[in-house]
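Participant: Below you'll find the structure I mean.
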Amino acid sequence: MPVLTRLIPSPVVVDIRPGALDDLAGLLADQRISSSGRVAIAVSGGSGQSLRTRLEPVLTAADWYLVADGTIDSAVRLADGIKGKRYDAVVGLGGGKIIDVAKYAAARVGLPLVAVATNLAHDGLCSPVSTLDNDNGRGSYGVPTPIAIVVDLDVIRDAPVRFIRSGIGDAVSNISAIADWELSHGINGEPVDGLAAAMARTAGEAVLRHPGGAGDDEFLTVLAEALVLTGIAMSISGDTRPSSGACHEISHAFDLLHPTRRALHGEQVGLGAAFAMHLRGAHEESQLFTEVLHRHGLPVLPEEIGFSPEEFVRAVAYAPQTRPGRFTILEHLDLSTDQIRDAYADYAKTISS
Ligand SMILES: [Zn+2]
253 MPVLTRLIPS PVVVDIRPGA LDDLAGLLAD QRISSSGRVA IAVSGGSGQS
303 LRTRLEPVLT AADWYLVADG TIDSAVRLAD GIKGKRYDAV VGLGGGKIID
353 VAKYAAARVG LPLVAVATNL AHDGLCSPVS TLDNDNGRGS YGVPTPIAIV
403 VDLDVIRDAP VRFIRSGIGD AVSNISAIAD WELSHGINGE PVDGLAAAMA
453 RTAGEAVLRH PGGAGDDEFL TVLAEALVLT GIAMSISGDT RPSSGACHEI
503 SHAFDLLHPT RRALHGEQVG LGAAFAMHLR GAHEESQLFT EVLHRHGLPV
553 LPEEIGFSPE EFVRAVAYAP QTRPGRFTIL EHLDLSTDQI RDAYADYAKT
603 ISS
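FYI, the numbering for the sequence shown is 253 to 605, going by the working numbering.
In structure tokens:
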């Protein structure tokens, strides 16, 4: 009788609630992540400092490491700093940059990572990927899944609301990414991992259809859970397929073509997903999508994040080059720049009507 199942790389603790940070020391000890309390904590010099002041008295055996930026150099420097000091774990306390730097450094020295997210700007908090700036722009590095995830909603509410909106854009873009994955399955026979797709899609749908907003804890809980589940979906599939399709290619094109003007990741991928849904001809879904983005204050037109329609058209034309080998609605339609311009005009008209 076959009873084989598969093990899913996943954190041993997921603690999402108001006040979660107050129990961080207990969590580390109780879960035997660090019964000695010897952990290396990576924080930013900015918002990280007030959290440090708050946590230093309870995390008495911890050492604190300042992280200057989200570069691979910073990550290597952090790894060199913590190497050989007999820590039980590395704690990344901050936004996406700090967590990505801490993830990479922890992987490099072979220690587990505890991710304590201070904002919900994207789905990287629990993903097996560390995104770091390098000499070639930006690179994605495979790392182990964090051993624990802590999201204190009291801290999340203190971050600029734009970061919460960005997380919403990233979560709902899963729906578009999975449509791309299924399209590639239909056209090219690319295998779809059903479990990864189920988790990422359900996460996206939960955020898309939740009536609440950035101001309420019920919604923030669903958003944080959706971002965590999306990260685990990526661990299951072994790549970013469950959460990244045409939506992300368009966003990467903005990053590469306009590195100094890019908006937040989730703002760009939300817009990219709305346009990709339009290209797929799923008009009812596309309409619901843009309505939801709008309701949360997310951009549905490029002008809302400082790009002209022509810049958007060029970004869409460039997008397939950002992820060679990934098949999405963009590669499938293979539109010329003029055809993209027409499709955009139609999209903009549909939105304003
Ligand atoms: Zn994303």
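Glycine included, each C-beta is placed from N, C-alpha and C at the ideal position.
(1) I'd like the span of the alpha helix (DSSP H) that includes S436, first residue to last.
(2) Can you tell me where the beta strand (DSSP E) holding V266 begins and where it ends?
(3) Which residues in the same chain have their Cβ closer than 7 Å to the Cβ of F564, if we skip the five residues on either side of it in sequence?
(4) Touching or not, the region 472-490 and the region 542-560, by the rule of three or more beta carbon pairs under 8 Å?
(5) Which same chain residues, not among the five before or five after N440, have their C-beta less than 7 Å away from its C-beta?
(6) Could you have a look at T492 and say whether DSSP puts it in helix, strand or coil?
(7) Pairs of beta-carbons, one from the region 395-406 and one from the region 369-379, closer than 8 Å: are there three or more?
(8) In terms of residue numbering, what span does the alpha helix (DSSP H) encompassing S629 cover?
(9) Beta carbon of V474: closer than 7 Å to some heavy atom of ligand 1?
(10) What do you reckon, are the CB atoms on S418 and L523 nearer than 8 Å?
(11) In this structure, does DSSP put D410 in helix, strand or coil?
(12) Can you tell me whether DSSP reads V295 as helix, strand or coil?
(13) Kindly indicate the opening and closing residues of the alpha helix (DSSP H) around L585.
(14) Here's a check: name, in chain order, each residue in its chain whose Cβ is nearer than 6 Å to the Cβ of A367, leaving out the five neighbours to either side.
(15) When DSSP labels each residue in this structure, what does K404 get in the three-state scheme?
(16) Just to confirm the assignment, what range does the alpha helix (DSSP H) spanning Y599 have?
(17) Consider the C-beta atom of D375 and the heavy atoms of ligand 1; say whether any pair is separated by less than 7 Å.
(18) May I have the straight-line CA-CA distance separating W316 from A292, to the nearest angstrom?
(19) Return the CA-CA distance between L330 and R269, expressed in angstroms with no decimal places.
(20) For the beta strand (DSSP E) containing G346, list its first residue and its last residue.
(21) Whole angstroms are fine: how far does the CA of S288 sit from the CA of F415?
(22) In three-state terms, what does DSSP make of V368?
(23) From D410 to T305, what does the alpha carbon distance come to, in whole angstroms?
(24) Decide if S605 is buried, meaning its Cβ has at least 16 other Cβ atoms within 10 Å, or exposed.
(25) So, Y356 versus V319, is the Cβ gap smaller than 8 Å?
(26) Judging by CA-CA distance, which residue of E537, A423 and H504 is the nearest neighbour of M486?
(27) Taking one C-beta from the region 490-504 and one from the region 578-594 each time, how about it: are there three or more such pairs within less than 8 Å?
Facilitator: By the coordinates alone:
(1) V413 to N440
(2) V265 to R269
(3) P554 and Y596
(4) no
(5) F579
(6) coil
(7) yes
(8) Look at the range of the chain in this structure, 253 to 605, and you will see that residue 629 is not part of it.
(9) no
(10) no
(11) helix
(12) strand
(13) I581 to L585
(14) G344, I351, L377, P398 and I401
(15) At residue 404 the sequence reads Asp, which differs from the Lys that was named. Correct three-state label for D404: strand.
(16) T589 to S604
(17) yes
(18) 6 Å
(19) 29 Å
(20) A341 to G346
(21) 34 Å
(22) strand
(23) 16 Å
(24) exposed
(25) no
(26) A423
(27) yes
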